[in-house]
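Visitor:
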Amino acid sequence: MTTDSAILGVEAMIACPECDLLHRRRALPEGGSACCRRCGARLYTLRRNSLNRSLALTLTGAILFLISFSFPFLAIKAEGLMEETTLLSGVNTLYLQGWPALAALVGFTTVMVPIFQLASLLYVLVPLKLGRRPRFLASVFRLARTLHPWQMLEVFLIGILVAMVKLTKMATIVPGVAVFAFAALILVLAAIGTTLEPQLIWERLEVKH
Amino acid sequence: MTVHLSTAAAAGLIGCSGCHLVCRAPRSGDGGYCPRCGARLHRRKPDSLARTWALTLAALIVYVPANVLPVTLTASLGVSQADTIFSGVVYFMKTGAWFVALVIFTASVVIPLLKLVALTFLLVSVQRRFRGHLLERARLYRITEAVGRWSMVDVFVITILVALVKLGVVAQMEAGPGAVFFGAVVVLTMLAARSFDPRLIWDAAERAHE
Chain D
1268 MTTDSAILGV
1278 EAMIACPECD
1288 LLHRRRALPE
1298 GGSACCRRCG
1308 ARLYTLRRNS
1318 LNRSLALTLT
1328 GAILFLISFS
1338 FPFLAIKAEG
1348 LMEETTLLSG
1358 VNTLYLQGWP
1368 ALAALVGFTT
1378 VMVPIFQLAS
1388 LLYVLVPLKL
1398 GRRPRFLASV
1408 FRLARTLHPW
1418 QMLEVFLIGI
1428 LVAMVKLTKM
1438 ATIVPGVAVF
1448 AFAALILVLA
1458 AIGTTLEPQL
1468 IWERLEVKH
Chain H
1380 MTVHLSTAAA
1390 AGLIGCSGCH
1400 LVCRAPRSGD
1410 GGYCPRCGAR
1420 LHRRKPDSLA
1430 RTWALTLAAL
1440 IVYVPANVLP
1450 VTLTASLGVS
1460 QADTIFSGVV
1470 YFMKTGAWFV
1480 ALVIFTASVV
1490 IPLLKLVALT
1500 FLLVSVQRRF
1510 RGHLLERARL
1520 YRITEAVGRW
1530 SMVDVFVITI
1540 LVALVKLGVV
1550 AQMEAGPGAV
1560 FFGAVVVLTM
1570 LAARSFDPRL
1580 IWDAAERAHE
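Chains as they are written, first to last, in the numbering used here: chain D, 1268 to 1476; chain H, 1380 to 1589.
If you want it as structure tokens, here you go:
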């Protein structure tokens, strides 16, 4: 066997996405990662039971998202008045105050992208689990990967905490059911991030040609 | 075994940006679609330097009104108050919430500024064909790309505050124009980081070896 890239099949290689260096794909031990030997970027990882775990976590995430989406996450009480807020009411208030672009940005990063992420993962993982290949699978999964950095729920959670600190000085703040569902959702999303191996999904796609 | 360090581009190949499949480059150089995931194939991100410069400069311009204009307008018992990003940090410091002040200061002031400086440095270093500190610059890019989203914290804080604080005559809070500009800074710097191609850092070193 030769390392000459012209003779070695291209399927057996991977180019580092950050420095373009060619590597030969090698089998990894479970839980092991392959990193670029020049720039250190992570190339691929072998996760234990990746598909099943990701699917279970995605289903959990979808349920938690529905809860955190439907119930108020903070309530404020002052002088006998009370005001509650949900994820959408914040977006709505910004829109009503005449800031549609800001409302769109917040709605996009905390509602639309997370919904798309969870839905697209179910769309990809459930059929793969059943040995099927839905239409547009590659396009859907590719879009989900592209939008990934725009999913900002964990940043939003920090925002909730900061807002709570700010408001405790002027009024009573009551955290709602959604805050706890929300915190759990962040953990589940982080867990999906460490169990899902995109390279595995792409390889599955190739086999079924 | 002879292991020679060859890039995909040097071998006439393209690593797909979508699924990392190594594809044979078409004769014309660029163009074509990945047979596995359908992404457009590019040897390097198209017009990477020009796009990154444009987005970085745009972010730098928008950074000024984002910090000067008020992000929230509060009316409490007839007294109105306008707050900028920075006065928000000062408020937390005054009330003794040091940790929160530090979080907001880092996310809203330090990160956007460092991102702009880092991107400018990376752009200049690639254009001037710097050959040193390759690994450090690769890491700098990785960090720059990863931390950008955390600057959105302040936009979310404003969203939650305006949704909660509308207690009739007691207090009323509205988002100010600074918030829109600040959101634009975050989006522009994120897009700028995405349009920069870190492979260009290594290309300059490659050319030096030839």
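The beta carbon of each residue, even a glycine, is placed where N, CA and C say it ideally should be. None of these values were measured; they are calculated from a predicted model.
What are the residues in the segment 1411–1427 of chain H lying within 7 Å of chain D by C-beta distance?
Guide: R1415, C1416, G1417, A1418
Visitor: If you check the beta carbons only, do L1420/D and T1352/D fall under 8 Å apart?
Guide: Here the question's residue 1420/D lines up with position 153 in the first sequence. Here the question's residue 1352/D lines up with position 85 in the first sequence. The Cβ atoms of L1420/D and T1352/D lie no closer than 8 Å to each other.
Visitor: For E1350/D, list the residues DSSP reports as bridge partners.
Guide: The residue you call residue 1350/D lines up with position 83 of the first sequence. According to DSSP, E1350/D bridges with I1343/D.
Visitor: Would DSSP call K1424/H helix, strand or coil?
Guide: What you label residue 1424/H is simply residue 45 of the second sequence in a count that begins at 1. Of the three classes helix, strand and coil, the one that applies to K1424/H here is coil, per DSSP.
Visitor: Could you tell me the alpha carbon to alpha carbon distance between T1270/D and L1341/D, rounded to whole angstroms?
Guide: Translated into positions along the first sequence, residue 1270/D becomes position 3. Translated into positions along the first sequence, residue 1341/D becomes position 74. At T1270/D, the pLDDT of 43 sits below 50, so the modelled position is not reliable and the matter cannot be decided from this model.
Visitor: Since Y1390/D is in the alpha helix (DSSP H), which residue starts that stretch and which ends it?
Guide: What you label residue 1390/D is simply residue 123 of the first sequence in a count that begins at 1. Counting along the chain, the alpha helix (DSSP H) containing Y1390/D begins and ends at 1380–1396.
Visitor: Three-state secondary structure (DSSP) at Q1460/H?
Guide: Counting from 1 along the second sequence, the entry for residue 1460/H is found at position 81. Reduced to three states, the DSSP call for Q1460/H is strand.
Visitor: Name the two residues that bound the continuous alpha helix (DSSP H) containing Q1506/H.
Guide: Residue 1506/H sits at position 127 when you count from the first residue of the second sequence. Segment 1490–1506, the alpha helix (DSSP H) holding Q1506/H.
Visitor: Between the segment 1451–1476 of chain H and chain D, which residues of the former have a C-beta closer than 9 Å to a C-beta of the latter?
Guide: Cβ contacts with chain D: S1455, G1467, Y1470, F1471, T1474, A1476.
Visitor: Under a CB-based cut-off of 8 Å, is M1280/D close to chain H?
Guide: Position 13 of the first sequence, counted from the first residue, corresponds to residue 1280/D. M1280/D counts as touching chain H.
Visitor: Mind checking D1426/H: buried by the 16 CB within 10 Å criterion, or exposed?
Guide: Mapped onto the second sequence, residue 1426/H falls at position 47. It is exposed - the Cβ of D1426/H has fewer than 16 other Cβ atoms within 10 Å.
Visitor: Kindly say whether V1564/H, judged by its beta-carbon, lies nearer than 8 Å to any beta-carbon of chain D.
Guide: Taking the second sequence and counting its residues from 1, the one referred to as residue 1564/H is at position 185. So, not an interface residue.
Visitor: Using a cut-off of 7 Å between C-beta atoms, extract the partners of I1483/H located in chain D.
Guide: Translated into positions along the second sequence, residue 1483/H becomes position 104. The contacting residues are V1429.
Visitor: Consult DSSP for P1414/H and reduce its assignment to one of helix, strand or coil.
Guide: The residue you call residue 1414/H lines up with position 35 of the second sequence. Three-state result, P1414/H: coil.
Visitor: What residues from the segment 1382–1411 of chain D come within 8 Å of chain H, judged by C-beta to C-beta, listed N to C?
Guide: A1405, S1406, F1408, R1409
Visitor: Got a sec: is the Cβ-Cβ distance from K1494/H to anything in chain D below 8 Å?
Guide: For this step, residue 1494/H is matched to residue 115 along the second sequence. It does not; no Cβ of chain D falls within 8 Å.
Visitor: Given a cut-off of 8 Å, decide if C1416/H and Q1329/D are closer than it, judged by their beta-carbon atoms.
Guide: Working through the first sequence from its first residue, we reach residue 1329/D at position 62. Working through the second sequence from its first residue, we reach residue 1416/H at position 37. The question names Gln, but residue 1329/D in the sequence shown is Ala. Result no, Cβ atoms of A1329/D and C1416/H do not sit closer than 8 Å.
Visitor: Beta-carbon of P1449/H versus every beta-carbon of chain D: anything under 8 Å?
Guide: Position 70 of the second sequence, counted from the first residue, corresponds to residue 1449/H. By this cut-off, P1449/H is not an interface position.
Visitor: Please give me, in chain order, every unbroken run of the alpha helix (DSSP H) with length at least 4 that falls completely inside the segment 1282–1368 of chain D.
Guide: 1317–1337, 1354–1363
Visitor: Take the Cβ of A1273/D as the centre, count every other Cβ of all protein chains shown within 10 Å, and call the residue buried at 16 or more, exposed below.
Guide: Here residue 1273/D is taken as the residue at index 6 of the first sequence, counted from 1. Unreliable placement is indicated for A1273/D, whose pLDDT of 46 sits below 50; the coordinate value is still reported in the next sentence. It counts as exposed.
Visitor: Output yes if chain H places a C-beta closer than 8 Å to the C-beta of V1422/D; else output no.
Guide: As a first step, residue 1422/D is located in the first sequence; it is residue number 155 there, counting from the start. Judged by the 8 Å Cβ criterion, V1422/D is in contact with chain H.
Visitor: Residues of chain H with CB under 8 Å from S1337/D, in chain order?
Guide: As a first step, residue 1337/D is located in the first sequence; it is residue number 70 there, counting from the start. Going along chain H, no residue has its Cβ under 8 Å from S1337/D, so there is no contact; the nearest lies around 16 Å.
Visitor: Give a yes or no on whether the minimum CB-CB distance between G1646/H and chain D is below 8 Å.
Guide: Only positions 1380 to 1589 of chain H appear in this structure, which leaves residue 1646/H out of reach.
Visitor: Counting C-beta neighbours from all protein chains within 10 Å, is the total for L1519/H 16 or more, i.e. buried, or is it exposed?
Guide: To locate residue 1519/H, count along the second sequence from 1; it is residue 140. Counting the other Cβ atoms within 10 Å of the Cβ of L1519/H gives 16 or more, which makes it buried.
Visitor: Out of L1355/D, L1414/D, Q1384/D, V1444/D, point me to the one whose CA is closest to V1566/H's CA.
Guide: As a working mapping, residue 1566/H is identified with position 187 in the second sequence. Minimum Cα distance to V1566/H is reached at L1414/D.
Visitor: Taking C-alpha atoms, which residue in D1462/H, K1424/H, R1510/H lies nearest to T1451/H?
Guide: Counted from its first residue, the second sequence places residue 1451/H at position 72. Of D1462/H, K1424/H, R1510/H, the residue nearest in Cα terms is D1462/H.
Visitor: List the residues of chain H whose Cβ lies closer than 8 Å to the Cβ of L1434/D, in chain order.
Guide: Residue numbering aside, residue 1434/D sits at position 167 when the first sequence is read from its first letter. Correct list: L1540, L1543, V1544.
Visitor: Under 8 Å between C-beta atoms, does G1299/D make it to chain H?
Guide: On the first sequence, residue 1299/D is found 32 positions in, with the first residue counted as 1. So, not an interface residue.
Visitor: Let me make sure I understand the geometry here. Which of V1455/D, P1284/D, T1461/D, A1370/D has the alpha-carbon closest to that of R1573/H?
Guide: Along the second sequence, read from residue 1 onward, the residue named residue 1573/H stands at position 194. Per the Cα distances, P1284/D.
Visitor: Would you please verify whether the beta carbon of E1464/D is less than 8 Å from any beta carbon of chain H?
Guide: On the first sequence, position 197 is the one that residue 1464/D refers to. Not one chain H Cβ lies under 8 Å of E1464/D.
Visitor: Determine whether the beta carbon atoms of K1436/D and L1322/D lie at a separation below 8 Å.
Guide: Along the first sequence, one-based indexing puts residue 1436/D at 169. Along the first sequence, one-based indexing puts residue 1322/D at 55. No, they are not a contact pair.
Visitor: Under the rule that 16 or more other beta-carbon atoms within 10 Å means buried, what is V1564/H, buried or exposed?
Guide: The sequence position of residue 1564/H within the second sequence is 185, counting from 1. Answer is buried; the Cβ neighbour count reaches 16.
Visitor: In its own chain, which residues sit with a C-beta less than 7 Å from the C-beta of A1386/D, not counting the 5 before and 5 after it?
Guide: As a first step, residue 1386/D is located in the first sequence; it is residue number 119 there, counting from the start. Within the same chain, A1386/D has no close Cβ partners at all.
Visitor: At the 8 Å Cβ level, is A1438/H part of the contact set with chain D, yes or no?
Guide: By 1-based counting over the second sequence, the position of residue 1438/H is 59. Among the CB atoms of chain D, none fall inside 8 Å of the CB of A1438/H.
Visitor: Please state whether DSSP places G1426/D in a helix, a strand or coil.
Guide: Here residue 1426/D corresponds to residue number 159 of the first sequence, with the count starting at 1. Helix, per DSSP.
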